[in-house]
Amino acid sequence: MNAPGGPLVEVIADEDWAAVVTSAADGLLDDGRPQRWCLATGATPRPLYRQWAERLDLSAVEVVLLDEWIGLDADDPGRCAAMLHHDLVEPMPEQRRPTVTAIDVDAPLDPQWPGPLDLAVVGLGANGHVGMNEPGTAPDSPTRRVDLAETTAAGALRYGARRRPTGGVTVGLGPLQQARRVWVIVTGDHKAGIVERALNGPETTDVPASLLRSHPAVTWWLDHSAAGRL
Ligand code: F6R
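Its first residue numbered 1, the sequence shown is counted upward by one per residue in the numbering used here.
As structure tokens, this is what we get:
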């Protein structure tokens, strides 16, 4: 389902989605060479990371977080770092665990953080956001502190956060565009409309995910439900 020169779009049966994407991730690990992967958290990657925890050896991988909330306590279970640990790291046997670099939201930020990436795995927000790069974000945006859209801040509460975040820190679209590979993972029919806009609409800052179409090695991993309007 890919236009010539456009992004690769893989559409997978809903029940096979996590297993297929896991096999693709496994394929990147073949030679055991050190790699740096930037990972989203949230609802979409949960079933995926469950399978990674069962099947993958990530001991050569440094995982860096794609984003983090501002304004949550250090022990809040809704923090992105807490979700990554809960969904991916803790279920893994110790010898297969990645090293994880969290985001210190209080420290000065390097606009190019996290530097070279072998893989960036990003989800798709209902408003088209990527990481916490909300509509209106420039294509070359740096890693930075951001204000959150109303729906994004509310999302933290759905993830179990004890309070509403006051902002966020996100890897910018600029550093994501520099990643060797980008995977956009989307599941569920509630995302079908925004998937259609991101892939078939104009490349526009109104839908930040549409700006990733120009990445030279981007794959959209969709389940049938999310691809329902393509
Ligand atoms: C989370 C992140 C967000 C989510 C997006 C989709 O680290 O970067 O951009 O990927 O909001 O969230 P879910 O997967 O919960 O629908």
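Even glycine gets a Cβ: it sits at the ideal position worked out from N, Cα and C.
Beyond the five residues adjoining it in sequence on each side, V21 comes within less than 7 Å, by CB distance, of L48, I185, W221 in the same chain, given in chain order. As the crow flies, the alpha-carbon of P77 is around 24 Å from that of P114. At a threshold of 7 Å, C38 does not count as near the ligand F6R, since its beta carbon sits no closer than that to any of the ligand's heavy atoms. By the rule of a C-beta closer than 5 Å to any heavy atom of the ligand F6R, the residues picked out are A40, T41, G42, A43, T44, L66, D67, G123, G125, G131.
DSSP lists L65, V121 as the beta-bridge partner residues of L39. Within the stretch 154 to 227, the runs of alpha helix (DSSP H) at least 4 residues long that lie entirely inside it are, in chain order, 173 to 177, 192 to 200.
A straight-line Cα-Cα distance of about 13 Å links V63 and R96.
DSSP, read as helix, strand or coil, puts T44 in coil. When secondary structure is reduced to three states using DSSP, E10 falls in the strand class.
One alpha carbon belongs to V195, the other to D223, and they sit about 11 Å apart.
Inter-segment contact for the stretch 30 to 39 and the stretch 118 to 133 is present: three or more beta-carbon pairs are separated by less than 8 Å. Partner residues in a beta bridge of I103, as assigned by DSSP, do not exist. Between W183 and T219, the C-beta gap is smaller than 8 Å, which places the two residues in contact.
Judged by DSSP in its simplified three-state form, R55 adopts helix. Contact between D75 and L29 does not hold, since the beta-carbon distance rounds to 32 Å and is not under 8 Å.
Straight-line measurement puts the Cα of R79 at about 12 Å from the Cα of R158. Spanning the alpha carbons of I103 and G168 requires a straight line of approximately 10 Å.
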